[in-house]
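These notes concern the structure reproduced below.
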């Protein structure tokens with residue numbers, strides 16, 4: 112079997128044209144911090160999301176973004192290394208990945224400026240995943256989850272992050288997990304601090 116790079120087809124050419132149209136339409140955008148926007152004075156905050164329902168390979172896509180005063184400073188979008196059995200599990204794994212990034216950002220800010228005293232808000236749009244992260248009781252339906260993903264419980268207990276529910280319509284990391292209609296993509300680009 113040939114890899115796509117060895118034997119590109121029309122679908123690959125269409126993807127290249129799509130990327131160039133996107134770049135052409137966004138070349139005037141700039142990333143801003145503070146200012147008069149809704150992020151002014153909010154400090155470090157994170158958004159974590161996962162989407163596994165639309166993936167043929169059965170691996171959910173994890174996305175997270177961290178903002179300081181309304182502007183993105185760190186973001187990631189990648190395929191999860193395991194096949195999750197539920198939306199809750201996919202969101203839980205995504206939040207665990209985001210919690211590691213939150214710890215790193217908190218340490219960096221502490222070394223460059225001053226240590227953060229308050230927990231970093233990490234927004235998640237799955238209430239079951241939030242409950243699982245905050246409650247370490249035995250759950251028969253989640254006993255198969257690898258122990259390394261329970262790291263988020265430690266981070267919460269230590270007061271480094273606070274997992275908070277965020278409605279899906281306001282989930283900034285949603286744009287990092289799947290293709291969105293133009294209006295939503297623009298909304299979330301603005302939420303990441305991108306503007307003209």
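In the working numbering, the protein residues as written are 112 to 307. No residue lacks a Cβ here, since even glycine has one placed at the ideal position from N, Cα and C.
Cβ-Cβ distances below 7 Å link residue 274 to 206, 233, 235, 241, 244, 245 and 267 in the same chain, with the five nearest sequence neighbours on each side left out; the list follows chain order. Residue 191 sits away from residue 176, with the two beta carbons spaced by 8 Å or more. Here residue 281 is exposed, its C-beta having fewer than 16 other C-beta atoms within 10 Å. Closest in C-alpha terms to residue 197, from the list 189, 163, 221 and 144, comes 163. With a cutoff of 8 Å on beta-carbon distance, residue 188 and residue 272 are scored as not near each other. The residue among 119, 221, 213 and 229 with its C-alpha nearest the C-alpha of residue 262 is 213. Less than 8 Å divides the Cβ of residue 153 from the Cβ of residue 180. Bounds of any alpha helix (DSSP H) do not take in residue 188; it lies within the beta strand (DSSP E) bounded by 182-190. In this structure, residue 204 places its C-beta atom within 8 Å of the C-beta atom of residue 260. DSSP places residue 262 in the uninterrupted alpha helix (DSSP H) bounded by 262-268.
As computed with DSSP, residue 306 is found in a beta bridge with 141.
Across the set 288, 229 and 121, the C-alpha of 288 shows the shortest separation from the C-alpha of residue 201.
With a beta-carbon spacing of about 6 Å, residue 142 and residue 183 fall inside the 8 Å limit used to define contacts. Beta-bridge annotation (DSSP): residue 289 is not paired with any residue. Between residue 140 and residue 291, the C-beta spacing is not below 8 Å. A straight-line Cα-Cα distance of about 11 Å links residue 293 and residue 133.
Residue 174 carries a strand assignment under DSSP once its states are collapsed to helix, strand and coil.
Taking 8 Å as the cut-off, the Cβ atoms of residue 299 and residue 283 count as close.
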